[in-house]
Amino acid sequence: MRLYNSLTREREEFIPRVEGKVTMYTCGPTVYHFAHIGNLRSYIMEDILEKYLRYLSYDVKRVMNITDVGHLTSDADVGEDKMLKGARRENKTVMEIADFYTKAFFSDCKKLNIKTPDVVEPATGCISEFITMIEELLAKGYAYAAGGNIYFDTSKLEKYYVFNDFTEEDLNVGVRETVEEDSNKKNKADFVLWFTKSKFDDQELKWDSPFGLGYPGWHIECSCIARKHLGEYLDIHCGGIDNAFPHHTNEIAQSESTFGHEWCKYWFHVHHLNTAGGKMSKSKGEFLTVSLLEERGFDPMVYRFFCLGSHYRKNLVFSWENLENAKTSYNKLIGKIASLKNSGGTVAEEDMERGRAAFKAALDNDLNTSLAVTALYDALKMKTNDETKLALIAEFDKVLDLGLIAHAEAVRSEEATEEQTAPDVSAELLAYIKEKIEARRQAKLSKNYAEADAIRAELLEKGITLIDKKDGTDFSIKG
Ligand code: AMP
Ligand code: ZN
1 MRLYNSLTRE REEFIPRVEG KVTMYTCGPT VYHFAHIGNL RSYIMEDILE
51 KYLRYLSYDV KRVMNITDVG HLTSDADVGE DKMLKGARRE NKTVMEIADF
101 YTKAFFSDCK KLNIKTPDVV EPATGCISEF ITMIEELLAK GYAYAAGGNI
151 YFDTSKLEKY YVFNDFTEED LNVGVRETVE EDSNKKNKAD FVLWFTKSKF
201 DDQELKWDSP FGLGYPGWHI ECSCIARKHL GEYLDIHCGG IDNAFPHHTN
251 EIAQSESTFG HEWCKYWFHV HHLNTAGGKM SKSKGEFLTV SLLEERGFDP
301 MVYRFFCLGS HYRKNLVFSW ENLENAKTSY NKLIGKIASL KNSGGTVAEE
351 DMERGRAAFK AALDNDLNTS LAVTALYDAL KMKTNDETKL ALIAEFDKVL
401 DLGLIAHAEA VRSEEATEEQ TAPDVSAELL AYIKEKIEAR RQAKLSKNYA
451 EADAIRAELL EKGITLIDKK DGTDFSIKG
């Protein structure tokens, strides 16, 4: 498989460190509010990556943190703790907020068929691990104490990694116009590992440490949680593109300084879901959540399908109209699958191999999900029996996880119930009734109500009663 690596800015052949095994780390949510569908786009694409690796028979171990402390309102260590802000907003404790939104996050993931990682670890459960790494960094001279906080000293690195398109100017977080300069820092790019002093004295959660009563910085969480469960080497690190800098840059600085060697080989960054007004956020514009999609009549699978239609390294623009189009396509796809019949025929292995090759070629090419969906449509059009098509679709859906077979079965059983309740009439009579129903519809459209009533009366005389429903006209026959 070839994967774009943000670290080298190249598409590379993916070769895990240990043959057949993949260690994967994902930055989890900051649980101060519901996830918006932009956050969930990242998790959907990471889920596809994980499932494709498993499809390729890799033994994957994936770890995710839950940020329940330390993520400040700015990614560059300033402002108050997002968790505290959430707690104040809802008049609850930080832990109550964390518990509620962690559950809400996994409930959204479940609706979107996003698998729960093998290990999920809240930051507040790993304070001793953070302290250990900070002590190691201090001992090696990569960290210093100033003004009550412990900082990472970026000047000690030969290279303070830069991701993607970030320039030196972006790196100088301290001089960004909107960011207040922290006079304790020796270098502008330095960042906090442990806070004991902050402008925000009401920080709710604090822990004793050799550096004083305080709380960890956000970046140290991921380095330590990855180390705790995956050791000193990581094959893939995932996250949204906004996490590339400073968060991932700082994770690399901490981990590699502690370990004394390269830490993670491949960096997988998902680009943003935007609205017409720009990057989606929780504070700006409509707060788009999975529940809101459901309230508006969209199955969460439609959103997953919508995401798969575009490449993870391109920004994706969300609009209700775009989602409506995805819904139409998804329903048509399900309809097509529902019309396939499994009559117990044999699956044609050669055709399976052909279909599979197209699907793998798409995903091997930097996880091209939209081409993988095309491979799915092509499988439906293949000159082969329905059993083979169904087998291919079930196989592809192990990765795409669009609920295709289950949804198609639901449509099929709905149709079967409708057939059972439909009156038993000859084809000739049915054609006659349908023709009359259509003529009556046309009459109504041209406001010719007398004609429409006459048609109803004509049928009634023959014992046929028309029943108008929301989505058309049905009928019943006497006797
Ligand atoms: P957070 O809960 O803010 O820590 O973010 C959770 C994940 O969502 C991170 O991987 C972010 O990079 C990602 N993310 C944030 N905003 C967006 C967006 N508009 N589109 C895609 N991913 C996003
Ligand atoms: Zn992280």
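The opening residue of the sequence shown carries number 1 in this note's numbering; numbering runs sequentially from there. Cβ coordinates follow ideal geometry from the N, Cα and C atoms, glycine included.
Any heavy atom of ligand 2 closer than 7 Å to the CB of residue 493? In the structure as shown, the chain begins at 1 and stops at 479. Residue 493 is therefore absent and cannot be evaluated.
Thinking C-beta only, is residue 326 closer than 8 Å to residue 359? no
Please work out which residues of its chain come closer than 7 Å, Cβ to Cβ, to residue 465, disregarding the five sequence neighbours upstream and downstream, and give them in chain order. 475 and 476
Any heavy atom of ligand 2 closer than 7 Å to the Cβ of residue 243? yes
Residue span of the beta strand (DSSP E) that contains residue 265, given as start and end: 264–270
Could you compute how far the alpha carbon of residue 351 sits from the alpha carbon of residue 339? 19 Å
Measure the CB-CB distance between residue 496 and residue 240 and report whether it falls below 8 Å. The requested residue 496 is not part of the displayed model; the chain covers only 1 to 479.
Flag this pair as yes or no: are the beta carbons of residue 480 and residue 16 separated by less than 8 Å? Residue 480 lies beyond the residue range present for the chain, which begins at 1 and ends at 479; the question has no answer from this structure.
Does the distance from the C-beta atom of residue 196 to that of residue 149 stay below 8 Å? yes
Range of the contiguous beta strand (DSSP E) that encloses residue 80: It is not in any beta strand (DSSP E) - residue 80 carries neither H nor E in the DSSP assignment.
Determine the DSSP secondary structure at residue 149, reduced to helix, strand or coil. strand
Are there 16 or more other CB atoms within 10 angstroms of the CB of residue 261, so buried, or fewer, so exposed? exposed
Look at the alpha carbon of residue 124 and the alpha carbon of residue 66, and state the distance between them as a whole number of angstroms. 9 Å
Backbone CA spacing between residue 416 and residue 343 [nearest angstrom]: 16 Å
Is residue 63 near residue 121, with beta carbons less than 8 Å apart? yes
DSSP three-state label for residue 62, please. strand
What does DSSP give as the partner residue(s) for residue 374 in the beta ladder? DSSP, once it has assigned bridges, lists no residue as partnering residue 374.
Could you check the C-alpha separation between residue 297 and residue 320 for me, to the nearest Å? 11 Å
Roughly how many angstroms separate the alpha carbons of residue 74 and residue 9, rounded to a whole number? 26 Å
Would the C-beta of residue 264 count as close to ligand 1, meaning under 7 Å from any of its heavy atoms? no
Check each candidate in 129, 203, 114 and 112 and name the one with the smallest Cα separation from residue 95. 203
Just to confirm before moving on: does the CB-CB distance between residue 44 and residue 138 stay below 8 Å? no
Between which two residues does the beta strand (DSSP E) containing residue 449 stretch? Per DSSP, residue 449 belongs to no beta strand (DSSP E); it is in the alpha helix (DSSP H), 449–461.
Relative to ligand 1, is the shortest distance from any of its heavy atoms to the C-beta of residue 119 smaller than 7 Å? no
Rounded distance between the beta-carbons of residue 236 and residue 83, thought under 8 Å: Not quite, the Cβ-Cβ distance comes to about 28 Å (not below 8 Å), so this is no contact.
Output the boundary residues of the beta strand (DSSP E) element that contains residue 258. No beta strand (DSSP E) contains residue 258, which is instead part of the alpha helix (DSSP H) from 249–259.
Check whether residue 289 and residue 348 have beta carbons under 8 Å apart: no
With C-beta atoms as the reference, is residue 86 less than 8 Å away from residue 97? yes
Taking 7 Å as the line, does the beta carbon of residue 70 fall inside it for any heavy atom of ligand 2? no
Say the cut is 7 Å; is the CB of residue 247 nearer than that to a heavy atom of ligand 2? yes
Measuring only the C-alpha atoms, how far is residue 7 from residue 420? 60 Å
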